[in-house]
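K.L.:
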Amino acid sequence: MTTTPETTADTPTAGNGGEREYDAYPESGTTQHTPVFRNVEEFVTYRFLPMYTRAEGGQFRWCKEWWRHPEAVSRFHALWHAWEVLRWEPGTGMAVWYRDHLDYQMSFLLADSGPFRECTSRRHQDPRPLPADPAPEGWFENEW
Numbered sequence: 266m267t268t269t270p271e272t273t274a275d276t277p278t279a280g281n282g283g284e285r286e287y288d289a290y291p292e293s294g295t296t297q298h299t300p301v302f303r304n305v306e307e308f309v310t311y312r313f314l315p316m317y318t319r320a321e322g323g324q325f326r327w328c329k330e331w332w333r334h335p336e337a338v339s340r341f342h343a344l345w346h347a348w349e350v351l352r353w354e355p356g357t358g359m360a361v362w363y364r365d366h367l368d369y370q371m372s373f374l375l376a377d378s379g380p381f382r383e384c385t386s387r388r389h390q391d392p393r394p395l396p397a398d399p400a401p402e403g404w405f406e407n408e409w
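The sequence shown lines up with residues 266 to 409 when you count with our numbering.
#1: So V305 packs on W345, CB below 8 Å; how close in whole Å?
#2: Can you tell me whether Y369 is buried or exposed? The criterion is at least 16 other CB atoms within 10 Å of its CB, across all chains shown.
#3: So what does DSSP say about F341, is it helix, strand or coil?
#4: Give me the Cα-Cα distance between R340 and Q297, rounded to the nearest whole angstrom.
#5: Take every Cβ of the stretch 318–337, pair it with every Cβ of the stretch 388–404, and state whether three or more of those distances are shorter than 8 Å.
#6: According to DSSP, is F373 part of a helix, a strand, or is it coil?
#7: Which residues does DSSP pair with G322 in a beta bridge?
#8: What span of residues does the alpha helix (DSSP H) with E307 cover, start to end?
#9: Hey, quick one: how far does the alpha helix (DSSP H) through A360 stretch, first residue to last?
#10: Are F325 and L374 closer than 7 Å when you measure CB to CB?
#11: For the putative contact between P380 and A337, defined by C-beta atoms under 8 Å, what is the C-beta separation to the nearest angstrom?
#12: Taking the straight line between their C-alpha atoms, what separation do you get for L395 and S378?
#13: Pick out whichever of A343, L314, H342, G323 has its Cα sitting closest to the Cα of K329.
#14: How is F405 classed by DSSP in three states: helix, strand or coil?
Now the structure itself:
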């Protein structure tokens, strides 16, 4: 079940660009930063979707049930964590996030061969995992 976060002065909304207010430059000596978003769903809903707009179709695929795609969840989770860390880097933090994280991940996530390849923004199709046979007994050594 999806719940909407409690509305407070710093709750992200579409009206404020989907962003909570945050200080891009932490006070000196501060090492513990509070995340803007509580989970990956909040990050996608309040940061990614209002900010990242593309026309669907052609080379871009999207699924309104993105959370049903394990690869997408994993990639969005990585994007969210990188964003939470890099937003505190003065100067180039956000540029690094766009170049090294967002732009890179989007080329896989929204590609016509990516995790949403069978979906549209109006219809979800469960992802099909790649087939695999189990390896013979003893094929792999225990690594841990």
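Note that CB positions come from ideal geometry on N, CA and C, so glycine has one too. Predicted, not measured: the structure shown is a model, and the values here were computed from it.
P.N.:
To lay it out plainly:
#1: Yes, they are in contact, since the Cβ atoms of V305 and W345 sit about 5 Å apart, within 8 Å.
#2: Its Cβ having fewer than 16 others within 10 Å, Y369 is exposed.
#3: Here F341 sits in helix by DSSP.
#4: Cα to Cα, R340 sits roughly 24 Å from Q297.
#5: yes
#6: helix
#7: F325
#8: Per DSSP, the continuous alpha helix (DSSP H) segment holding E307 begins and ends at 305–308.
#9: Secondary structure note for A360: its alpha helix (DSSP H) is the uninterrupted segment 358–361.
#10: no
#11: 5 Å
#12: 13 Å
#13: Closest by alpha carbon: L314.
#14: coil
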